[in-house]
Amino acid sequence: MIPTSKINQLLKTHQPAFVNILGPTASGKTDLAFQLAEAKPFDLISVDSRQVYQQMDIVTGKDIPPDFKFHPNKLLSYYLAPAGFKLYATSLVPPDETFSFGTFLRLTADLVDQIAAAGRQIIFVGGTIHWFYRFLTLSFDQVFTPTNPKWRQKAKTLPLKDLQNLLAATFPKQVESINPSDWQNPRRLIRLYERFQFTPAAKDKKIIKKLKAFFSQKNLTIILNPPTSILRQRIHQRILKRIDQGALPETQKLIDAYPAGLPAFDTPGYRQIIDFLQNRIDYDQMLKTWFQAELKLVRQQKQWITSLKKRLPPQHFLEITKTG
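Start counting the sequence shown at 10; every next residue gets the next number (the numbering used here).
Dropping the structure here:
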């Protein structure tokens, strides 16, 4: 069980302006957030780059209780729980629409005021750890950067080592903040080069200034981080559960309506199910590769957690490794 009594004591003594609950897949983030929001005046903002998509419910693990009522209002849509709290940033856009970290920040800038006006506080909850890393370390000045087609065409021909040398020579200070996995990823380095050389527009500068003031406030970050051995068991069980819940029909319906190659489907589960539905792999291979994809995601999430812990003051986070 997650020690909610200890968390409640920290909330009382620490009095944070907002709370973050983050962790790898299957660590119990959503359940904990719901428990806290049922007891205190919190609203939730989901920090999940895949749960923002509509119709992608089972495989992404939204796990929205059936008695939660959805209130559509474009990007300000939310689920209302019977206990009275709201869950934002879930089921907002169709799978063929881009939803970036920049979109998330613009939405958050609106929600900060809206939630405060209702006399409530915010819990950010989710598994997209690199988004947490960016807003908690205030490293989001360049997130509204547009793409540069000419640069991308040239950069795609460069070896990884050349990209690394170019960034290190041009932006020596900025490269210190690059995550080790991103440092080995040419696509990420190409995007980071664009971001490092970009100057935001005036309206985006206002959003950045506002959010930096908000995220600079005292906060409490709860990191649910069970051992990988425990997560392996939970992930295996969750995959079988999602199959029983209708993961395959959900995916078939999606690819009947949208191109199967959409970036939104590049998430553990969908890509493997699509391969099975299109007869590229058999059922057992689908389960095996789905499981492997989830474990790869867990490794990436844990790397981001390690990086984030190095940047947070020790008194600002609570890491829980035993979660039931």
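C-beta: ideal position from N, C-alpha, C; glycine also.
- CA-to-CA, the gap between D293 and F274 works out to about 20 Å.
- Contact annotation: N228 and P12 have beta-carbon atoms that are not nearer than 9 Å.
- Within the same chain, and ignoring the five residues on either side of P103 in sequence, the residues whose Cβ sits closer than 6 Å to its Cβ are Q63.
- L169 and I199 have their C-alpha atoms roughly 10 Å apart.
- The region 217 to 234 makes no contact with the region 248 to 263, as fewer than three CB pairs between them are under 8 Å.
- By the C-beta criterion, the region 135 to 153 is judged to be in contact with the region 112 to 121, since at least 3 inter-stretch pairs fall below 8 Å.
- Your pair T99 and Q60 checks out as a contact, with CB atoms roughly 5 Å apart and the cut at 8 Å.
- Only residues of its own chain outside the window of five on either side were considered, and among them Y97, L116, D119, L120 and Q123 have a CB closer than 8 Å to the CB of L85, listed in chain order.
- Residue burial annotation: F79 is exposed, with fewer than 16 other C-beta atoms found within 10 angstroms of its C-beta.
- Using a Cβ distance threshold of 9 Å, F149 and F94 do not count as a contacting pair.
- The beta carbon of G70 sits closer than 6 Å to no other beta carbon from its chain once the five residues preceding and following it are set aside.
- Around the beta carbon of D265, a 10 Å sphere encloses fewer than 16 other beta carbons of the protein chains shown; the residue is thus reported as exposed.
- Secondary structure of Q64 (DSSP, three-state): coil.
- Proximity to W313 across K165, Q324, L101 and S186 peaks at S186, based on C-alpha coordinates.
- Across the structure, R129 and E47 are spaced so that their CA atoms are roughly 12 Å apart.
- Annotation for L145: N29, F224, N228, T230, L317, R320 and L321 place their beta carbon closer than 8 Å to its own, counting only its chain and skipping 5 residues before and after.
- In the DSSP annotation of this structure, the continuous segment of the beta strand (DSSP E) that includes Q130 starts and ends at Q130 to G135.
- Annotation: the continuous beta strand (DSSP E) that includes L327 extends over F326 to I329.
- At a Cβ-Cβ threshold of 9 Å, K49 and L20 count as neighbours.
- Burial state of T260 is buried, judged by a 10 Å Cβ sphere holding 16 or more other Cβ atoms.
- The way I'd put it, the region 160 to 175 does touch the region 199 to 213; three or more beta-carbon pairs between them come closer than 8 Å.
- Bounds of the beta strand (DSSP E) holding D52 are F51 to S55.
- Looking at the DSSP output, T230 shares a beta bridge with N29 and F326.
- DSSP places Y267 in the coil class of the three-state scheme, outside both helix and strand.
- With respect to L31, L233 sits close: the two C-beta atoms are nearer than 9 Å.
- Between L240 and S14 a beta carbon distance of about 24 Å is seen, past the 8 Å cut, so the two are scored as non-contacting.
- In this structure, the beta-carbon distance from V307 to I244 falls below 9 Å.
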